[in-house]
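K.L.:
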Amino acid sequence: MKKIIVVLLTVLMLAGCVAKVEETPKLVMATECTFQPYEYYDGDEIVGIDVEIAEAIAEKLGMELEIVDIAFDSIIPGVMGEKYDIGMAGMTVTDERKEQVNFSDSYATGVQVVIVTEDSPITSVDDLFEEGNNYVVGTQAGTTGFLYATWDIEDAGLGTVDSYQKTTDAASALLNGKIDCILLDNEPAKAIVKNNTGLKILETEYAVEDYAIAINKANTELTEKINAALAELTADGTIETIINKYIGD
Ligand code: GLN
């Protein structure tokens, strides 16, 4: 009898352990991994500023982070459709997006810049707005760079816009002469220039933006929890340490 009880207890304890492991809730993050240093592949591993901040947030929330790498323009629809809990991809806060998702407090700043080939006739951002120049501006699909280029250049009849799913594909198109420049965020731009010879970033900036985490509009509880975690991670210097690790100062 004693033996049976011991066996039974052991089985119950084991079952308890398994249940506990299964109980750790997941925080599913949608991102797009050609956005170095925020999210990119280092071998098989997805690393970067957003990844480390999301990991620190998940830990504070007692959750396990799961990362899904998808096209940038699928992130917001996926968060809206509750396929993913958060969208974190160096994502700029805009009024249009605010109508679709909640944004956490901002955790970083981004600047839109222009990449050209070293011998490019484009020497400043103003050249893109010059009548008759008709440049082809490369962008990543669904990004603010795409929106600015569409509104300011294509819709104004000053040039055209070509969009790519990956920033790395836009870089190849620029090197192959298919496009005249790329409008994108400064840190990935620096990574592209570093990883490819013959490219440079124009000194003039296009726009300054705030990055934040996108969350489903109905999930105000998660937004509040993430903001509380971000506040703690900011106060104790974790966010700054993570950003400095990848960007330096
Ligand atoms: N910051 C830009 C945006 O939110 C680009 C982000 C990205 O390409 N990952 O549109």
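The opening position of the sequence shown corresponds to residue -9 in this note's numbering, with each subsequent residue numbered one higher.
The C-beta atom is built at its ideal place from N, Cα and C for all residues, glycine as well.
(1) Start and end of the beta strand (DSSP E) containing residue 200?
(2) Counting Cβ pairs closer than 8 Å, one from the segment 131 to 140 and one from the segment 27 to 46, do we hit at least three?
(3) For residue 234, count the other beta carbons within 10 Å of its own beta carbon; 16 or more makes it buried, fewer makes it exposed. Which is it?
(4) State the start and end residues of the unbroken beta strand (DSSP E) segment that holds residue 137.
(5) Using DSSP with H/G/I as helix, E/B as strand and the rest coil, what is residue 162?
(6) On the DSSP letters alone, give me the boundaries of the beta strand (DSSP E) that residue 244 sits inside.
(7) Quick check on DSSP: helix, strand or coil for residue 13?
(8) With DSSP as the reference, please indicate the residues paired to residue 171 in a beta bridge.
(9) So which of 204, 147, 166 and 132 has the shortest CA-CA distance to residue 156?
(10) Report the option in 179, 41 and 120 whose CA atom is closest to the CA atom of residue 58.
(11) Determine the closest residue to residue 67 out of 56, 54, 89 and 25, with distance taken between C-alpha atoms.
(12) Between the C-alpha atoms of residue 164 and residue 13, what's the straight-line distance to the nearest angstrom?
(13) Helix, strand or coil: how does DSSP classify residue 68 here?
(14) Hey, could you find the ends of the alpha helix (DSSP H) residue 183 is sitting in?
(15) Assign residue 57 to one of three DSSP states: helix, strand, or coil.
(16) Buried or exposed for residue 30, please, with buried defined as at least 16 other CB atoms from any protein chain shown within 10 angstroms of its CB.
(17) So the candidates are 185, 151 and 143; which of them puts its Cα closest to the Cα of residue 161?
P.N.:
The relevant details are as follows:
(1) Residue 200: member of the beta strand (DSSP E) spanning 197 to 201, first to last residue.
(2) No: fewer than three Cβ pairs fall under 8 Å.
(3) Taking all protein chains in view, the Cβ of residue 234 is surrounded by fewer than 16 other Cβ atoms within 10 Å, so the residue is classified as exposed.
(4) For residue 137, no beta strand (DSSP E) encloses it; the enclosing alpha helix (DSSP H) starts and ends at 134 to 138.
(5) Look at residue 162 here: in three-state DSSP terms it is helix.
(6) No answer is possible for residue 244: it lies beyond the span of the chain, which begins at -9 and ends at 239.
(7) In the structure shown, residue 13 sits in a helix (DSSP, three-state: H, G or I).
(8) In the DSSP assignment, residue 171 is bridged to 127.
(9) When the alpha-carbon of residue 156 is set against those of 204, 147, 166 and 132, the nearest one is in 132.
(10) Among 179, 41 and 120, the Cα nearest to that of residue 58 is on 41.
(11) When each option's Cα is compared against that of residue 67, the closest is 89.
(12) Roughly 48 Å separates the two Cα atoms.
(13) In this structure, residue 68 counts as helix in the three-state DSSP scheme.
(14) Boundaries of the alpha helix (DSSP H) harbouring residue 183: 176 to 185, taken from the DSSP string.
(15) Under the three-state reduction of DSSP output, residue 57 falls in the strand class.
(16) By the neighbour-count rule (16 or more Cβ atoms within 10 Å), residue 30 is buried.
(17) Measuring from the Cα of residue 161, the nearest candidate turns out to be 185.
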